[in-house]
Amino acid sequence: MSREKRNRKLKPRIIFFVEGKSEKVFFESLSQHYRLNAAKTVKIIDGSGIDWVDKVHNMMKNNPRLRPDERTLVYIIFDRDRLSIEAINKMRQKARKLAQRLSDCRIGFSNLSFELWLLAHYRKVTVRVEDERHLCAALSEFLGTEYIKGNSQQMESIMKDDKVFQAVANTKNLTAISVDQASTNIGAIVSAVIS
């Protein structure tokens with residue numbers, strides 16, 4: 006019996022660092038729904054800074070419970086907001102450097118907001134940038150009630166019936182990070198952690 010345990014491959018520890026309420030509730034629900042027992046979702050400290058990778062690096066350095074090892078997968082999830090493509094590319098470079106000390110460190114990005122990814126659970130999304138108000142209105146129609154950011158019951162409804170696989174398919178053509186058109190690479194991250 007002990008030999009079996011020794012040969013068993015240990016699951017990697019996963020830490021989702023997220024910018025907002027919707028992202029936090031989504032990744033907590035995803036972890037619970039797909040039994041990602043070694044996953045933890047942490048809300049990034051709010052602030053006016055634009056470099057989420059630096060904030061995450063400082064949080065991991067200063068909090069022993071968040072300190073990663075070589076088997077840790079780190080995902081930093083944020084919306085475009087007012088970030089330029091240069092700022093985003095700089096963060097991607099920093100994430101690659103950080104990944105050299107971890108199993109992986111990736112940026113999860115949505116332009117214009119995370120609600121684009123949530124809407125993809127119901128319909129194919131296009132490269133046309135829709136403002137957050139329109140995305141939330143469309144989500145409200147599918148939910149049959151007003152969409153509320155970070156509402157855990159609504160998030161469960163969005164994820165019900167494994168619609169996450171539909172969302173991955175509906176965003177396959179939008180995974181390249183862009184500030185000029187709608188884009189989200191959340192599907193690639195979700196696929197990686199639940200496979």
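Plus 5 on top of the position in the sequence shown (first one is 1) and you've got the numbering used here.
Built from N, CA and C at the ideal position, the CB exists for glycine as well.
Query raised in the report: Is the beta carbon of N116 less than 8 Å from the beta carbon of V195?
Result: Not closer than 8 Å, so no.
Query raised in the report: Can you give, in chain order, each stretch of the beta strand (DSSP E) that sits fully within the segment 105-133 and has at least 3 residues?
Result: The segment 105-133 contains these whole beta strand (DSSP E) runs: 109-116.
Query raised in the report: Going along the chain, which residues of its own chain have a beta-carbon closer than 8 Å to the beta-carbon of M6, five neighbours each way excluded?
Result: With a pLDDT of 49 at M6, under the threshold of 50, the modelled position of this residue cannot be trusted; read the value that follows with caution. Beyond the five residues adjoining it in sequence on each side, M6 comes within less than 8 Å, by CB distance, of no other residue in the same chain.
Query raised in the report: Going along the chain, which residues of its own chain have a beta-carbon closer than 7 Å to the beta-carbon of L71, five neighbours each way excluded?
Result: The residues are I20, V47, M64, M65.
**Report entry** DSSP state of L78 mapped onto helix, strand, coil
**Finding:** It is a strand residue.
Query - Per-residue burial, H62 [other beta carbons within 10 Å of its own, 16 or more giving buried] - result: H62 is buried by the Cβ-count criterion.
Query raised in the report: Between L148 and S162, what straight-line distance do the alpha-carbon atoms span, to the nearest angstrom?
Result: Rounded to whole angstroms, L148 to S162 spans 8 Å at the Cα level.
Query raised in the report: From what residue to what residue does the beta strand (DSSP E) around K45 run?
Result: For K45, the enclosing beta strand (DSSP E) covers residues 44-48.
Query raised in the report: Going by the CB atoms, is the gap between F114 and R87 shorter than 8 Å?
Result: Contact: no.
**Report entry** C-beta contact flag for V130 and T176 at 8 Å
**Finding:** Result yes, Cβ atoms of V130 and T176 sit closer than 8 Å.
Query raised in the report: Alpha carbon to alpha carbon, how far is R18 from S145?
Result: The straight-line gap from Cα to Cα measures roughly 34 Å.
Query raised in the report: Any idea if Q159 is buried or exposed, counting beta-carbon neighbours within 10 angstroms, 16 or more meaning buried?
Result: So Q159 ends up on the buried side.
Query raised in the report: From what residue to what residue does the alpha helix (DSSP H) around V23 run?
Result: No alpha helix (DSSP H) holds V23; the beta strand (DSSP E) holding it covers 18-23.
Query raised in the report: Taking DSSP as the reference, what is the three-state secondary structure of S89?
Result: Per DSSP, reduced to three states, the secondary structure at S89 is coil, with no helix or strand assignment.
Report task. In the DSSP assignment, find the alpha helix (DSSP H) that holds D56 and state where it starts and stops. Result -> Looking at the DSSP string, D56 is not in any alpha helix (DSSP H), and its letter there is neither H nor E.
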